[in-house]
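Enquirer: Before I ask anything, here is the structure I am working with.
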Amino acid sequence: MSRLNGKLVVFGKIIKGVGVLRSIDHVATEDGTNCPTQEVVIVDCGEIPEGADDGVCNFFKDGDPYPDWPADLDKKPDEFSWWMEAVDSIKAFGNEQFKKQDYKIALRKYCKALRYSDVCWELQGIDGGKCSALRKIKSQIYTNCSACNLKLGDLKGALLEADFAIRDGGDNVKAFLRQGQAYMRLKDIDTAVESFKKALNLEPNNGGIKKEFAAARKKIADRRDRENRYSFLFNFCHGCEHAFRLQRLIGFSPPCRLRLQQKLARFCSN
Numbered sequence: 001m002s003r004l005n006g007k008l009v010v011f012g013k014i015i016k017g018v019g020v021l022r023s024i025d026h027v028a029t030e031d032g033t034n035c036p037t038q039e040v041v042i043v044d045c046g047e048i049p050e051g052a053d054d055g056v057c058n059f060f061k062d063g064d065p066y067p068d069w070p071a072d073l074d075k076k077p078d079e080f081s082w083w084m085e086a087v088d089s090i091k092a093f094g095n096e097q098f099k100k101q102d103y104k105i106a107l108r109k110y111c112k113a114l115r116y117s118d119v120c121w122e123l124q125g126i127d128g129g130k131c132s133a134l135r136k137i138k139s140q141i142y143t144n145c146s147a148c149n150l151k152l153g154d155l156k157g158a159l160l161e162a163d164f165a166i167r168d169g170g171d172n173v174k175a176f177l178r179q180g181q182a183y184m185r186l187k188d189i190d191t192a193v194e195s196f197k198k199a200l201n202l203e204p205n206n207g208g209i210k211k212e213f214a215a216a217r218k219k220i221a222d223r224r225d226r227e228n229r230y231s232f233l234f235n236f237c238h239g240c241e242h243a244f245r246l247q248r249l250i251g252f253s254p255p256c257r258l259r260l261q262q263k264l265a266r267f268c269s270n
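Everything in the sequence shown is counted per the UniProt record's numbering, starting at 1 for the first residue and increasing by one.
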């Protein structure tokens, strides 16, 4: 171990708070430097007196009695019902934060609920009914995670979690809705329409989904209208090495038509 001489190295065993280290470990770092992209600050440290609160439970002072990570539990019950009750409770805390529009904390709660649900698969005596119940609630939680990420602007994360929700619950209407919303904001309108169609097949009278579906179809109709209006330009430029540039201009609004035609003239004269 001589290679560690002069280095700041500590050997020990984590008794509580493994989630803190996991959270730090998951912070993104800059390429080549390993520096975290956001601040990781130790605001307090020291020895916890005998019998004092270690701060693992109810960290946010919101009444949530469960530690962030199941590994920090003093005792792990063997009853499936205990774990499902914990998952439901943590999910409810996430719902409260979502209603308050604190989407970061809501997402943190939902991720915590997923960690507790993962423990259920390790328990003895998991029958078909329990598996179905577990998959259903996981699908709901993933859908809620997707909704949070849509609010936070993490569109790829929202899409991934919607996919996970659909994997665990093929009849989850909200999962298809979130998937469609993510595709819409990623500008993949055609795929969004397919997601909204699947949602409508499950709930044909859902007004919210109908509205999203109509908006997506209108975008496609508008795009086709632009393509038809400018198709003569592409025909005129058939074989021109600059034709591909015009394809990038097809999204221009009608007031920009004159500029588009001027660009066409310049391209074709080269």
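From the three backbone atoms N, C-alpha and C, an ideal C-beta is built for every residue, glycine too. Everything numeric in this text was worked out from a predicted model, so none of it was measured.
Go through its chain and collect everything with a Cβ distance to K138's Cβ below 6 Å, but skip five positions before and after it.
Expert: Looking up residue 138 in the sequence shown gives position 138. Excluding residues within five positions, the ones whose Cβ falls inside 6 Å are S117, D168.
Enquirer: How is the alpha helix (DSSP H) around Y103 delimited, first residue to last?
Expert: Working through the sequence shown from its first residue, we reach residue 103 at position 103. Looking at the DSSP string, the run of the alpha helix (DSSP H) that includes Y103 is 103-120.
Enquirer: Answer yes or no: do L150 and A162 have a C-beta to C-beta separation smaller than 7 Å?
Expert: To locate residue 150, count along the sequence shown from 1; it is residue 150. To locate residue 162, count along the sequence shown from 1; it is residue 162. Against a cut-off of 7 Å, the Cβ pair of A162 and L150 comes out as no contact.
Enquirer: So who's on the other strand from P36, going by DSSP bridges?
Expert: Position 36 of the sequence shown holds residue 36. Answer is T29, bridged to P36.
Enquirer: Can you tell me whether DSSP reads I24 as helix, strand or coil?
Expert: In the sequence shown, residue 24 corresponds to position 24, counting from 1. Collapsing the DSSP output to three states places I24 in a helix.
Enquirer: Using the C-alpha atoms, what's the distance from L73 back to D64?
Expert: Position 64 of the sequence shown, counted from the first residue, corresponds to residue 64. Position 73 of the sequence shown, counted from the first residue, corresponds to residue 73. Computed Cα separation, rounded: 13 Å.
Enquirer: Could you give the first and the last residue of the continuous alpha helix (DSSP H) run that contains G128?
Expert: In the sequence shown, residue 128 corresponds to position 128, counting from 1. 128-152 is the extent of the alpha helix (DSSP H) around G128.
Enquirer: Below 8 Å on the Cβ atoms is my contact criterion, and I expect G180 with A192 to pass it. Report the Cβ-Cβ distance as a whole number of Å.
Expert: Residue 180 sits at position 180 when you count from the first residue of the sequence shown. Residue 192 sits at position 192 when you count from the first residue of the sequence shown. About 5 Å; that satisfies the 8 Å criterion.
Enquirer: At which residues does the alpha helix (DSSP H) containing E161 begin and terminate?
Expert: The residue you call residue 161 lines up with position 161 of the sequence shown. Counting along the chain, E161 sits inside the alpha helix (DSSP H) bounded by residues 155-168.
Enquirer: What are the boundary residues of the alpha helix (DSSP H) that E194 is part of?
Expert: In the sequence shown, counting from the first residue as 1, residue 194 sits at position 194. From DSSP, the alpha helix (DSSP H) with E194 extends over 189-202.
Enquirer: Measuring CA to CA, which of D68, D78, A28, Q97 is closest to L114?
Expert: To locate residue 114, count along the sequence shown from 1; it is residue 114. For L114, the nearest C-alpha among the options comes from D68.
Enquirer: V18 by DSSP, collapsed to three states: which one?
Expert: The residue you call residue 18 lines up with position 18 of the sequence shown. Helix, per DSSP.
Enquirer: For F244, count neighbouring C-beta atoms within 10 Å of its own C-beta (all shown protein chains included) and say buried if the count is 16 or more, exposed if not.
Expert: Numbered from its first residue, the sequence shown carries residue 244 at position 244. Unreliable positioning characterises F244 in this predicted model, as indicated by a pLDDT of 47, which lies under 50. A coordinate reading is not provided.
Enquirer: Going by C-alpha distance, which of D88, G55, V40 is nearest S23?
Expert: Along the sequence shown, read from residue 1 onward, the residue named residue 23 stands at position 23. For the residues D88, G55, V40, the minimum Cα distance to S23 belongs to V40.
Enquirer: What is the C-beta distance between K198 and F176, in whole angstroms, given that I count them as a contact (C-beta under 8 Å)?
Expert: By one-based count along the sequence shown, residue 198 stands at place 198. By one-based count along the sequence shown, residue 176 stands at place 176. The pair is a contact, with the Cβ atoms about 5 Å apart (cut-off 8 Å).
Enquirer: Ends of the alpha helix (DSSP H) at A92?
Expert: Looking up residue 92 in the sequence shown gives position 92. Element bounds for A92: 80-99.
Enquirer: Under the rule that 16 or more other beta-carbon atoms within 10 Å means buried, what is V43, buried or exposed?
Expert: Here residue 43 refers to the residue found at position 43 when the sequence shown is read from its first residue. Burial state of V43 is exposed, judged by a 10 Å Cβ sphere holding fewer than 16 other Cβ atoms.
Enquirer: Helix, strand or coil: how does DSSP classify F59 here?
Expert: Against the sequence shown, residue 59 aligns to sequence position 59. Coil at F59, not helix or strand.
Enquirer: By alpha-carbon positions, which one of F80, L202, I189 ends up nearest to R223?
Expert: Here residue 223 is taken as the residue at index 223 of the sequence shown, counted from 1. Selected option, being the one with the closest Cα: I189.
Enquirer: Between the C-alpha atoms of G55 and A92, what's the straight-line distance to the nearest angstrom?
Expert: Mapped onto the sequence shown, residue 55 falls at position 55. Mapped onto the sequence shown, residue 92 falls at position 92. Answer to the nearest angstrom: the Cα atoms are 21 Å apart.
Enquirer: What distance in whole Å lies between the Cβ atoms of K109 and G94, which are believed to be in contact at a cut-off of 8 Å?
Expert: In the sequence shown, counting from the first residue as 1, residue 94 sits at position 94. In the sequence shown, counting from the first residue as 1, residue 109 sits at position 109. Correct: roughly 3 Å between the Cβ atoms.
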